[in-house]
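In the numbering used here, the protein residues as written are 948 to 1129.
Where a beta carbon is used, it is the ideal one built from N, C-alpha and C, also for glycine.
Predicted model, so just to flag it, every value in this text is computed and none were measured.
Notes for the one structure printed next.
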């Protein structure tokens, strides 16, 4: 004979589960034009005042790009999703260059420029600059939960959208979406 579960036991169990679950956060608006979960930043927020290093060792600041659109990608050569995403970011960079939109891949590799240059050569990546964020200061300033993380920054220096995880940025829909946001 099966034991009977009373209505009261079911309600008690449901109450226990409900108390144990975290409160639901409102979902950010997602844009379906890109694979993954590109989320609009509403309202747009000013990008943090970050700096990064170029292959030649010169220090640069995000503010140097005010007036231009940007797609900032936080990545590393040892990150499998980042590796998969980089060719599509290179394609996006070439597509958006005539629109004065820069793709800025900030590598957190501690091996420096030589590690990134070797990666680009090994994977036939062209059209992307070698930019470094070896201590992860940019990722920290943006409160990135992991890599890859991509941020779409408008011409006023405001974050308009972010994607945590990899995506195929090489599609015409992706380029159109970035242009629209910037």
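In the displayed model, residue 1016 falls within a strand according to three-state DSSP. The beta carbon of residue 1128 is closer than 7 Å to those of 1099, 1101, 1107 and 1108 in its chain, skipping five residues each way along the sequence.
The alpha carbon of residue 1096 has as its nearest neighbour, out of 1020, 986, 1012 and 1065, the alpha carbon of 1020. DSSP places residue 1057 in no alpha helix (DSSP H); its state is neither H nor E.
Residue pairing by DSSP places residue 1100 opposite 1017 and 1106 in a beta bridge. Across the set 1036, 1059, 1063 and 1060, the C-alpha of 1036 shows the shortest separation from the C-alpha of residue 1050. Taken atom to atom, the span from the alpha-carbon of residue 1002 to that of residue 989 is near 34 Å. The continuous alpha helix (DSSP H) containing residue 1040 extends over residues 1027–1043. Under the three-pair Cβ rule at 8 Å, the segment 1116–1127 counts as touching the segment 1039–1046. The alpha carbon of residue 1110 has as its nearest neighbour, out of 1073, 1046, 1076 and 1029, the alpha carbon of 1029. Here residue 1104 really is in contact with residue 1010; their C-beta atoms are around 7 Å apart, less than 8 Å. For residue 1087, the enclosing alpha helix (DSSP H) covers residues 1084–1088.
Collapsing the DSSP output to three states places residue 1049 in a strand. Across the set 1068, 1031 and 1017, the C-alpha of 1017 shows the shortest separation from the C-alpha of residue 1045.
In the three-state DSSP reduction, residue 992 falls in the strand class (E or B).
Between residue 1043 and residue 1123, the gap from beta carbon to beta carbon reaches 8 Å or more. Between residue 1080 and residue 1061, the C-beta gap is not smaller than 8 Å, which leaves the two residues out of contact.
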